[in-house]
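When the letters of the sequence shown are read in order and numbered with this note's numbering, they come out as residues 1287 to 1646. All residues carry an ideal CB built from backbone N, CA and C; glycine is no exception. A short worksheet on the structure shown next.
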Amino acid sequence: MKLRVVLVAGARPNFMKVAPLVPAFEAAGIEVDLVHTGQHYDPAMSDVFFDELGIRTPDFHLEVGSASHAVQTARIMEAFEPIVVERKPDWVIVVGDVNSTIACALVAAKLGVKVAHVEAGLRSRDWAMPEEVNRLVTDRLSNLLLPPSPDGIDNLLAEGYPESSIELVGNVMVDTLMRNAERAAQVDLGAITGLPDGADYALLTLHRPSNVDDPEVFAGLLGALAEVARQMPVMYPVHPRVRARFDAGLPLPEGIRLLEPVGYLASIALQRGARLVLTDSGGIQEETTVLGVPCLTLRENTERPLTVTEGTNRVVGTDPAVILDAVANELANRTPARRPELWDGRAAERIVQAVISHSR
Ligand code: UD1
């Protein structure tokens, strides 16, 4: 009998993960219902990724929008349940660690539908991070755990998951990166940065509540970044929530240039062209490792340790003095990097094979 899956995407970091999965499932003769929860809804946070990555129009759009964590999660669950009841899929496939991930996994588990989690097993061990709650609970609700890297397997085994429920599949975001590298190379960077070709700049992305919602932490970070901006321009594409802070009067240090949120191709182009990336994102730690661009992570921990042990990432925290030391060090000695195993552009195929073999 033909397998049927419901594949869920909701927020910006999900879209580059589902992009290769839709065609890979369909090529294997599996019927896919694509669901967009609407957690992210601004064209710059959502539509641009569907357009650029050729993701087809979702079969269901839940249009939940923004709200508190509880309300957003509840709205997604309420809107998602009837779809699972109606479509009766063999699997619900969720990716990443956003509120849409945990909400849809919980609905499926309660309806007795099997859940597969793409990007299972990642752990920051920072329970104050909403994504860490989402990761742990989603894994617990999943029948098939699909970690991108061996540390994910270690974490899951240590938590008591049976080996038979875990398949190492590699990093599906790298599939998208490899497929779009040439198109990203065509992006007119100067039109985005306003800088001449080849000019040094640092790329900054900073949006985590722990960094930008606490005025003292954010001010400390902006102070350190102002120092970096004395050495080279800092390009900062801002999340709508952070833009609102500057619009409300938070002073922007000289040399830091706010950009509108960028699409996928521009994001890759900006990373590749940067002398240095400073970020609190998860995905960008991985993309810079694949691109070989130095990355300083402005957090106290990472759930993606391979980007440090094998890649270009350094976890430097939020202390301005430590950040500036790390910047000086990175500008003086560029760290060599290796691409982790199975980050090879074929993760989507392995995910499909894992779902098929666990359906028997
Ligand atoms: C979410 C994810 C986070 C991810 C980030 C990437 C969770 C718990 N967090 O955080 O892991 O790194 O996406 O962007 O799921 N907003 C808009 N337009 C939009 C979406 C949001 O203006 O299209 C504004 C709203 O004011 C909203 C705020 O951003 O209240 C936060 O959005 P939300 O989806 O709750 O979380 P993110 O911070 O985007």
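- Counting along the chain, the unbroken beta strand (DSSP E) around asparagine 1599 starts and ends at 1599 to 1601.
- Residue side-chain check: alanine 1406 keeps its Cβ at 6 Å or more from all non-hydrogen atoms of ligand 1.
- Around the beta carbon of asparagine 1300, 16 or more other beta carbons sit within 10 angstroms, so the residue counts as buried.
- Runs of the alpha helix (DSSP H) lying entirely within the region 1293 to 1322, each at least 4 residues long, are 1298 to 1304, 1307 to 1313 in chain order.
- With 16 or more other Cβ atoms inside 10 Å of its own Cβ, glutamine 1358 counts as buried.
- Between the alpha carbons of isoleucine 1609 and alanine 1295 lies a gap of roughly 34 Å.
- Here the region 1403 to 1422 lies against the region 1586 to 1594, with 3 or more beta-carbon pairs under 8 Å apart.
- Judged by DSSP in its simplified three-state form, alanine 1488 adopts strand.
- Each residue's CA atom was taken as its position, placing leucine 1432 and aspartate 1630 some 16 Å apart.
- Per DSSP, reduced to three states, the secondary structure at valine 1638 is helical.
- No residue range can be given for leucine 1536, since it is assigned to no beta strand (DSSP E) and is classified by DSSP as neither H nor E.
- In this structure, aspartate 1611 has its CB at a distance of at least 6 Å from all heavy atoms of ligand 1.
- In the DSSP assignment, isoleucine 1478 falls outside any beta strand (DSSP E) and lies within the alpha helix (DSSP H) extending over 1475 to 1479.
- Isoleucine 1388 is a Cβ neighbour of valine 1423, given a cutoff of 7 Å.
- Taken in chain order, the complete beta strand (DSSP E) segments of 3 residues or longer contained in the region 1399 to 1471 are 1400 to 1404, 1430 to 1432.
- The region 1482 to 1498 makes contact with the region 1520 to 1533; the number of CB pairs closer than 8 Å reaches 3 or more.
- Between the beta-carbon of isoleucine 1369 and that of valine 1350 there is about 13 Å, and that puts the pair past the 8 Å contact cut.
- In this structure leucine 1538 is in contact with leucine 1544, their Cβ atoms being roughly 7 Å apart against a cut-off of 8 Å.
- Listed in chain order, the non-local C-beta contacts of glycine 1569 below 8 Å within the same chain comprise Pro1299, Met1302, Met1459, local neighbours out to five positions each way being set aside.
- Straight-line spacing of the CA atoms in alanine 1365 and leucine 1348 works out to 6 Å.
- Distance from the Cα of alanine 1634 is smallest, within the candidate group Ala1310, Leu1289, Ala1360, Met1287, for Ala1310.
- Relative to ligand 1, arginine 1298 has its C-beta within less than 6 Å of a heavy atom.
- For tyrosine 1522, the enclosing beta strand (DSSP E) has its first and last residue at 1520 to 1523.
- The shortest CA-to-CA distance from aspartate 1328 to any of Glu1449, Glu1616, Ser1352 is the one to Ser1352.
- Shortest gap from the CB of arginine 1620 to any heavy atom of ligand 1: 6 Å or more.
- DSSP, reduced to helix, strand and coil, places leucine 1628 outside both helices and strands of the structure shown, so it counts as coil.
- Aspartate 1566 sits close to leucine 1584, with the two beta carbons spaced by under 7 Å.
- Here valine 1371 is exposed: its Cβ has fewer than 16 other Cβ atoms, across all protein chains shown, within 10 Å.
- Nearest to glycine 1398 by C-alpha distance, out of Ser1553, Val1381, Pro1375, is Pro1375.
- By the C-beta density criterion, arginine 1421 is buried, having at least 16 other C-beta atoms within 10 angstroms.
- Here proline 1626 is near glutamate 1596, since their CB atoms are less than 7 Å apart.
- Per the Cβ contact rule, the region 1435 to 1452 is not in contact with the region 1525 to 1534 (fewer than 3 Cβ pairs under 8 Å).
- Beta-carbon to beta-carbon, glutamate 1367 and valine 1393 are separated by about 5 Å, close enough to satisfy the 8 Å threshold.
- Boundaries of the alpha helix (DSSP H) harbouring isoleucine 1554: 1550 to 1559, taken from the DSSP string.
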